[in-house]
Amino acid sequence: SAATVAIIPDDEAVDEVVINPADLKVDTFRSSGAGGQHVNKTESAIRITHIPSGLVVENQTARSQHANREHAMKRLKAQLLEAERSKQAAAQAESRKLQVGSGDRSQRIRTYNFPQGRITDHRVEGLTLYDLPNILQGGLDELVERLSREHQADELARLTEAA
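Using my numbering, you'd call the opening residue of the sequence shown number 148 and step up by one each time.
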């Protein structure tokens, strides 16, 4: 049989979306639709572009530019919040996948061979220790050190690939 364990941090909820006004491009234009002379003469519709993310929100439901701006900002904040939550969920899923793997029986992590007093960690190439009784008593220092070095090397390789 096989068992998997994942350690996942608490969700850091984004309570309030703070938008730097310098990150916004605000355009006003004449709204379309019913309204007669008012919509033809006043620029009451709003288009807000969030430059860092590229999100664009338009609003022309209200008669006043101020009300349309307020509605557009609410919609933009909601979209930014949803994008941030999606990004956090993807990062959490990736972290879980890295920790758990596939959970398949064929995915070996560590083998304990009691007759030979040997422990082999399959995640690190060539990591075989012949001190099983000491390891079972809590002497994990060498094992943890080798796994930590391997993890650091993997992270450096992953960051180098991303750059």
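For glycine and all other residues, C-beta sits at the position ideal for the given N, C-alpha and C. This structure is a prediction, so every number in the text was calculated from the model and none was measured.
Beta-carbon proximity list for residue i, same chain, < 6 Å, skipping 5 on both sides
i, result
"Leu274", "Asp268 and Arg293"
"Glu205", "Arg194"
"Arg257", "Asp268"
"Ser233", "none"
C-beta contact flag for residue i and residue j at 9 Å
i, j, result
"Leu290", "Asn260", "no"
"Leu227", "Ile166", "yes"
"Val164", "Glu231", "yes"
"Glu297", "Arg255", "no"
"Thr208", "Leu202", "no"
"Tyr277", "Gly264", "yes"
Buried/exposed call for residue i, threshold 16 Cβ in 10 Å
i, result
"Ala219", "buried"
"Ile266", "buried"
"Asp157", "Note that Asp157 has pLDDT 45, beneath the 50 cutoff, so the model's placement of it is unreliable and no number is given."
"Leu100", "This structure gives no information on residue 100, because the portion of the chain shown stretches from 148 to 310."
"Leu223", "buried"
C-alpha gap between residue i and residue j, whole angstroms
i, j, result
"Arg104", "Glu272", "Outside the shown range of the chain, which is 148 to 310, sits residue 104, and nothing can be said about it."
"Glu308", "Arg216", "42 Å"
"Ala237", "Arg243", "10 Å"
"Lys188", "Lys221", "26 Å"
"Ser211", "Asp301", "56 Å"
"His213", "Glu229", "24 Å"
"Ala310", "Pro262", "47 Å"
"Gln299", "Glu241", "17 Å"
Beta-carbon contacts of residue i that lie in its chain and below 8 Å, excluding the five residues immediately before and after
i, result
"Pro199", "Asp170"
7 Å Cβ shell around residue i - same chain, five flanking residues per side excluded
i, result
"Asp288", "none"
Quick check: the stretch 169-178 against the stretch 192-207, are there 3 or more CB pairs under 8 Å?
yes
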